[in-house]
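Here is the structure we will look at, set down as structure tokens.
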Amino acid sequence: AEKSWEIFDNHLRQTPPLNEGKLGFYYKEHEILPPLPVGFHRYVLNNLTSHGLDGVIEQEVDEFDAPSEVRALIEGQFLSMRAHVERVGILLPPKRLVVTGGASSNECILAVVASIFGCDVHTIPRPDSAPLGAALRAAHGWMCYEKGSFVPIRFLYDGKLEKTSLCSKLSVHAGDPILTSKYALVMRKRVEIED
1 AEKSWEIFDN HLRQTPPLNE GKLGFYYKEH EILPPLPVGF HRYVLNNLTS
51 HGLDGVIEQE VDEFDAPSEV RALIEGQFLS MRAHVERVGI LLPPKRLVVT
101 GGASSNECIL AVVASIFGCD VHTIPRPDSA PLGAALRAAH GWMCYEKGSF
151 VPIRFLYDGK LEKTSLCSKL SVHAGDPILT SKYALVMRKR VEIED
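Read left to right, the sequence shown gives residues 1 to 195 (the UniProt record's numbering).
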């Protein structure tokens, strides 16, 4: 996107959700999950319908046009996150997601997140919220360890939000449930390709 957020956003806006079946896997370094080789891997899902994956055939391609590349990058990252969340047994859709970090100020990206996860997306109106998100995950992990079982993360902040940096605001409403279910199909195909 020529190192421009404006061009990036324009590319994202001009491509339809689900990217006409175009999926991308972008790995500059080895990843633990998924175990794909380093590189950029692009696929087009042919015969994709909203009725299931029967007859859907993935075809690897060398490249996408720039707008499709942008959407494939964003959708791919969040489809991967959703797949990994489901693998560990977290029920979807969640009540809400709190998104932190630099991209949390990008409404185009947040709209994709809301559609893929099927829930409202909240952000923290403060700079450098990514370290706060990491600290919350660490505190939550420690709380679960101390308890010896899973503890809902809300117990970290119940009744304390207004007095802390955890105060979040609704940024994007949940996406269309039909679109979210279509993303679920694409996610399942993505997992098949990963495996």
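Backbone N, C-alpha and C define an ideal beta-carbon position, used for all residues, glycine too.
Within the same chain, F150 and V151 come within 8 Å of C144 by CB-CB distance, once the 5 residues on both sides are set aside. Y183 counts as buried, since at least 16 other C-beta atoms from the protein chains shown sit within 10 angstroms of its C-beta. The secondary-structure analysis by DSSP pairs R42 across a beta bridge with G24 and V61. H30 is the residue among N46, A66, H30 and L12 whose C-alpha sits nearest the C-alpha of G39.
Residue nearest to P177 within the set Y157, I193, D158 and F117 is F117 (criterion: CA-CA distance).
H173 carries a coil assignment under DSSP once its states are collapsed to helix, strand and coil. In this structure, DSSP gives D120 an extended state, which the three-state scheme calls strand. Closest by C-alpha distance to H173, out of I153, A103, I109 and G159, is I109.
Residue state for T180 is assigned as helix, using DSSP reduced to three classes. Within the same chain, L12, I109 and V112 come within 7 Å of I74 by CB-CB distance, once the 5 residues on both sides are set aside. For L132, the enclosing alpha helix (DSSP H) covers residues S129 to K147. Between the region 82–102 and the region 118–134, the count of C-beta pairs closer than 8 Å reaches three or more; the two stretches touch. The beta carbon of G52 is closer than 8 Å to those of L185 in its chain, skipping five residues each way along the sequence.
Assigned with DSSP and collapsed to three states, V85 falls in helix. Spanning the alpha carbons of S4 and P67 requires a straight line of approximately 13 Å.
Take the alpha-carbon of K28 and the one of D9: they are about 23 Å apart. Taken through DSSP and simplified to helix, strand or coil, L97 comes out as strand.
Contact between R190 and L23 holds, since their C-beta atoms are separated by about 6 Å, short of 8 Å.
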